[in-house]
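Here is the structure we will look at, set down as structure tokens.
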Ligand SMILES: CN1c2c(nc(N)[nH]c2=O)NC[C@@H]1CNc1ccc(C(=O)N[C@@H](CCC(=O)N[C@@H](CCC(=O)N[C@@H](CCC(=O)O)C(=O)O)C(=O)O)C(=O)O)cc1
Ligand SMILES: N[C@@H](CCS)C(=O)O
Ligand SMILES: [Zn+2]
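Residue numbers (our numbering): 26 to 822.
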């Protein structure tokens with residue numbers, strides 16, 4: 026039995042819910058505030074309204090209003106930033122934004138995310154193996170932690186005033202520190218990122234003892250406002266870090282002993298600690314032993330924990346993440362119920378009925394769109410296979426009903442699930458013989474190009490490039506006019522001819538601008554692409570795209586992940602005409618621009634009925650045809666972007682080798698059709714690449730452009746150490762910030778790069794595409810980039 030003094034967790038809950046608004050209301054409200062088109066109060070009112078509607082929707086769907094089953098997990102930008110701000114972990118360069126109590130207002134909060142003037146924002150990086158990005162807290166040996174913000178309590182009170190008892194959610198202490206970056210002690214208020222490195226043996230986890238009192242303060246404050254439960258997310262426990270596992274587990278034990286055992290109820294809420302994004306069996310008994318009231322496990326990425334582990338969980342409630350928070354397929358409810366029953370048997374009979382076992386999503390639902398019902402243009406059969414956030418809430422409830430009252434009590438939901446599953450399996454587009462035969466006939470030779478030296482010589486002859494060639498990563502600013510034209514085209518208000526003409530005009534403008542700037546390898550600017558993955562999905566068979574299926578990628582930026590539901594094939598060339606047109610306007614080389622197979626998979630919702638490796642090979646073959654067609658159209662430089670290569674790297678090291686083999690193999694399959702004289706580029710960004718350096722080399726691209734500006738070329742010595750000896754273009758212009766880098770700054774970065782990369786292999790380019798920037802930033806930045814390169818070239822010659 027569970028501890029009778031604990032409040033019961035409900036039989037069904039979710040770990041989190043999307044927050045951008047079903048029609049991206051939060052994005053619009055925040056961006057309007059940033060642009061000065063609305064006041065802070067307007068933004069606060071819009072956000073409160075969104076939270077109110079979210080609670081009402083979840084209650085409508087069947088979650089209870091009074092038992093903490095509804096998470097209170099709103100964020101204006103990012104949940105890790107929220108945690109840092111709550112704990113007072115604001116880097117010294119932003120301390121001028123703090124008020125006398127050490128609190129940050131909302132404009133100050135946004136400044137940490139976006140930077141201001143010479144003060145760069147917090148770094149942004151991937152949230153586990155998802156397409157969500159969080160802001161990396163900076164922790165120094167001196168960071169002062171305390172409860173510095175009351176937004177968590179305020180959100181609870183806001184709901185309580187409406188009669189809804191929510192469950193506040195915050196990142197737990199061990200994950201918070203593991204996700205943070207070690208920095209040197211900064212001089213408060215000096216405006217600079219600490220130039221010196223942190224002490225060599227310092228890691229943020231060293232600060233555990235210091236951060237715990239701030240969490241204790243938060244727990245007390247939550248108890249004070251009447252919160253019965255709090256959710257402390259500890260997803261980092263599912264990941265291998267550079268820290269020995271014993272150290273991580275010792276930190277878990279210490280943290281939760283302080284929070285659970287030494288801080289007793291009712292001075293704190295009951296603690297629910299989910300470990301999402303993968304299994305972490307070794308952490309569960311430690312959490313339970315420390316006295317947390319509930320632990321959450323990921324039953325989708327993980328399996329039912331062993332009997333030995335379950336027997337060590339004592340009185341802790343087990344919250345089973347049985348519904349996938351990361352894909353959009355209806356759940357096999359019978360399969361999920363079986364796993365839950367196995368789990369219950371391992372715990373004790375009746376555990377679900379007496380509150381010892383609850384059903385939940387495997388992760389927050391922030392990674393999926395709101396509602397399949399909002400899609401009006403999807404094929405109805407495909408729609409019937411899908412579950413977005415709202416449908417997943419219903420699935421959680423159906424499983425909880427079946428588990429506590431028997432399957433018959435949820436008979437209709439189970440019958441529908443089985444029926445939709447059958448319809449999916451039987452659809453002719455799901456397995457196409459011609460696609461499968463082509464994959465089956467592949468050999469290693471299809472993935473191999475001529476040796477690099479031979480290719481480099483052939484390319485030098487045809488391309489005639491100066492030393493340190495300058496280029497950009499592909500996209501130019503997606504202006505309001507471009508997006509409007511596409512929206513009008515989508516609504517049928519602009520004809521296909523007029524739309525094409527508008528995009529061609531934009532391409533011509535971008536080509537002229539690049540010529541005027543003096544760039545060496547030009548791009549067409551990608552105006553015709555709504556998104557670098559969705560665009561390809563719209564042109565490939567086996568994919569569907571949504572109208573309203575927005576998912577937050579970072580801050581106010583969203584994507585509509587495509588749905589890869591069947592076997593993939595290309596029925597016609599996709600990019601060739603745009604590239605051919607751009608090339609016709611200039612004597613310089615124009616890079617063809619494709620998104621690679623791994624990135625297309627990573628940023629889509631992929632089918633779950635076959636290994637990713639098989640799906641990747643199908644996408645790679647479709648791209649291979651596109652590479653061949655670009656080459657045949659006279660495009661001599663082709664870039665295949667793989668920014669998500671690192672993202673899909675499994676969280677556990679034991680699965681790395683298999684992943685890297687198929688992912689690298691897919692890229693090579695897509696590109697190895699190119700003749701030696703065709704220069705293949707790839708581009709990587711948004712990640713730390715240390716763990717995949719070997720794979721970057723194995724991609725065998727002739728030129729690799731890679732994000733490097735913010736980290737000041739950190740990746741180059743790693744590449745050098747790994748023996749990487751092909752072209753490399755480290756980013757010298759941080760496109761994530763509105764700042765225009767000066768010519769001197771860029772020259773300094775180019776010179777820094779030249780210390781690690783031989784000049785004949787070095788390219789100069791921005792960190793990533795320019796689509797999120799405006800021309801007022803891009804033009805001067807590129808002008809500085811070209812001028813700086815010319816200076817460094819002169820020095821080198
Ligand atoms: C490189 N990145 C990408 C990731 N994932 C992707 N799938 N794509 C990526 O590019 N992951 C890692 C990073 C994440 N970075 C970003 C960067 C930028 C964005 C972004 O800008 N998203 C846009 C939406 C882009 C888009 O789909 N645009 C469409 C629709 C535009 C639109 O909103 N239209 C309006 C009407 C327009 C009008 O009338 O003015 C509407 O529908 O209401 C298009 O261009 O057609 C964003 O707005 O957030 C995302 C990830
Ligand atoms: N070619 C793309 C890559 C982004 S990662 C762009 O320039 O936007
Ligand atoms: Zn990029």
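We treat Cβ as the ideally placed atom computed from N, Cα and C, and that holds for glycine.
Assigned exposure category for residue 141 - 16 Cβ within 10 Å defines buried: buried
Straight-line Cα distance separating residue 325 from residue 642: 24 Å
Proximity test, residue 180 beta-carbon vs ligand 2 heavy atom, cut-off 6 Å: no
Close beta carbons around residue 163, own chain, < 6 Å, minus the five adjacent residues each side: 116, 206 and 208
Bridge partner(s) assigned by DSSP for residue 798: In DSSP, residue 798 forms no bridge with anything.
Counted within 10 angstroms of its Cβ, other Cβ atoms place residue 448 as buried (16 or more) or exposed: exposed
Span separating the alpha-carbon of residue 810 from that of residue 771: 6 Å
Check: residue 39 C-beta below 6 Å from any heavy atom of ligand 2: no
Span of the beta strand (DSSP E) around residue 587: Run containing residue 587: 587-595, per the beta strand (DSSP E) assignment.
Beta-carbon gap between residue 487 and residue 547 smaller than 7 Å: In this structure, residue 547 does not lie closer than 7 Å to residue 487 by Cβ.
Cβ neighbour criterion (16 or more within 10 Å) applied to residue 361: buried
Assigned exposure category for residue 725 - 16 Cβ within 10 Å defines buried: buried
Coil, strand or helix - residue 144 by DSSP: strand
Check whether residue 691 and residue 645 have beta carbons under 7 Å apart: yes
Paired residues, beta bridge with residue 558 - DSSP: Bridge partners of residue 558: none, in fact.
Residues bridged to residue 790 (per DSSP): 756
Helix, strand or coil at residue 680 [DSSP, three-state]: helix
Cβ contact check for the stretch 810-819 and the stretch 761-771: 3 or more pairs under 8 Å: Under the 8 Å Cβ criterion, the stretch 810-819 counts as touching the stretch 761-771, having at least three qualifying pairs.
Length of the line joining the Cα atoms of residue 384 and residue 62: 43 Å
Test item: CB-CB of residue 883 and residue 595 under 7 Å: Nothing can be reported for residue 883, as the shown portion of the chain is limited to 26 through 822.
Residue 190 versus residue 508: straight-line alpha-carbon distance, rounded: In this structure, the alpha-carbon of residue 190 lies about 41 Å from that of residue 508.
Pick from 327, 364, 348 and 307 that is closest to residue 336, judged by C-alpha positions: 307
Bridge partner(s) assigned by DSSP for residue 782: None; residue 782 has no bridge partner.
Selected residue, minimal CA-CA separation from residue 47, among 481, 415 and 539: Of the listed residues, the one whose Cα sits closest to residue 47 is 415.
Residue 528 CB to nearest heavy atom of ligand 2 below 6 Å: Judged by the Cβ position, residue 528 fails to qualify as a neighbour of ligand 2 at the 6 Å threshold, every heavy atom of the ligand being at least this far.
Contact set for residue 33: own chain, Cβ-Cβ below 6 Å, skip 5 residues either direction: 380
For residue 191: DSSP bridge partner residues: 95
Selection from 159, 412 and 467 that minimises the alpha carbon distance to residue 386: If we check each option's Cα against that of residue 386, 412 comes out closest.
Where residue 45 sits in the DSSP three-state scheme: coil
C-alpha distance - residue 70 paired with residue 64, whole-angstrom precision: 10 Å
Unbroken beta strand (DSSP E) run spanning residue 2, endpoints: This structure leaves residue 2 out entirely; the chain is present only between 26 and 822.
Cβ neighbour criterion (16 or more within 10 Å) applied to residue 420: buried
Separation of residue 694 from residue 175, as counted between CA atoms: 53 Å
Check: residue 791 C-beta below 6 Å from any heavy atom of ligand 3: no
Beta-carbon spacing of residue 617, residue 670 below 7 Å: no
Proximity test, residue 499 beta-carbon vs ligand 2 heavy atom, cut-off 6 Å: yes
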